[in-house]
Each structure stands twice: as C-alpha cells, then as structure tokens.
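Notes follow the structure.
See below:
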C-alpha cells in the first residue's frame with residue numbers, strides 16, 4: 040500500500056526533528072522510495088533500504104526473476120539524507136554508506152528528490 044503523500048511528508052518532518060523516531064523513519068523511507076519510483080519509473084534498479092523498504096525504479100531492461108541488473112542498498116538514515124539533499128550521492132558512495140552495482144545504479148540525477156530538499160543541504164547530487 041502506498042503512503043499518503045501528506046502522511047509521508049509529515050513523517051519526514053518528524054524524522055528530521057527526531058532521527059530516533061523509528062515509526063516516522065519507516066514511513067518516511069517508504070514515502071521517499073515511492074517518490075523515487077515516480078520520478079524515475081522503471082524496473083532496472085532495485086533500491087533496498089532494509090529493513091524499511093524497497094522499490095524498483097529507473098527505465099531500462101526489466102528483470103523478472105532473481106537479482107535485478109542493478110542494485111542500490113543503504114541504511115534508512117543515509118537514504119533519507121540522500122532524499123532530502125543532506126548528503127550527495129557521490130559523498131555517500133565515497134564514504135561507503137551506499138553500495139551500488141550495475142549499469143544504471145547511479146541515482147545522482149534523481150537526488151535529492153523533488154520537493155523534499157532540506158534547507159542548508161549540499162548543492163546537487165552529482
């Protein structure tokens with residue numbers, strides 16, 4: 040079931056105010072993954088944010104079984120920082136906070152997510 044955008048934005052605001060709020064974090068992760076799926080529709084890259092959520096995104100060859108052609112994985116806090124622009128894609132990759140494999144696994148062009156940019160975050164995702 041898809042997170043209501045109003046509830047998703049509220050959860051994201053709660054997480055920003057209190058990163059220890061696990062319920063807010065889970066809802067915010069699921070909401071932001073759905074936003075990624077909207078802005079980068081497709082099924083070529085599986086973005087995994089355990090234990091809170093997963094989405095398939097990015098146009099290209101579709102997989103039907105087994106490991107997708109590209110996988111991105113990170114923890115919930117890093118994902119939310121990426122989604123809001125608090126950290127850059129390149130910075131998270133360099134720091135080892137994100138693992139990305141496969142031809143289309145670079146999500147820099149979609150991050151931070153539209154309308155979710157945190158004031159004072161870094162400029163650009165590439």
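Numbering (my numbering), first residue to last: 40 to 165.
Quick reminder that beta carbons are idealized off the backbone N, C-alpha and C, glycines included.
Put simply, of 93, 152, 109, 139 the residue whose alpha carbon is nearest the alpha carbon of residue 125 is 152. Positions of the beta strand (DSSP E) runs, each at least 3 residues long and wholly inside the region 55-113, are given as 84-88, 92-96, 109-113 in order along the chain.
Taken through DSSP and simplified to helix, strand or coil, residue 122 comes out as helix.
Judged by their CB atoms, residue 128 and residue 71 are not nearer to each other than the 9 Å cut-off. For residue 49, the secondary structure class from DSSP, reduced to helix, strand or coil, is helix. The three-state reading of DSSP puts residue 138 in strand, counting E and B together. Shortest Cα-Cα distance from residue 99 to any of 41, 144, 89, 137 involves 144. Following the DSSP letters along the chain, one finds residue 128 inside the alpha helix (DSSP H) bounded by residues 128-133. When 46, 44, 56 are compared, the shortest CA-CA separation from residue 157 is found for 56. Sequence-distant partners of residue 131 (beyond 5 residues in either direction) whose C-beta falls short of 8 Å from its own C-beta, in its chain, are 113, 117, 120, 121, 137. Cβ neighbours of residue 74 within its own chain (closer than 6 Å, five residues either side excluded): 152.
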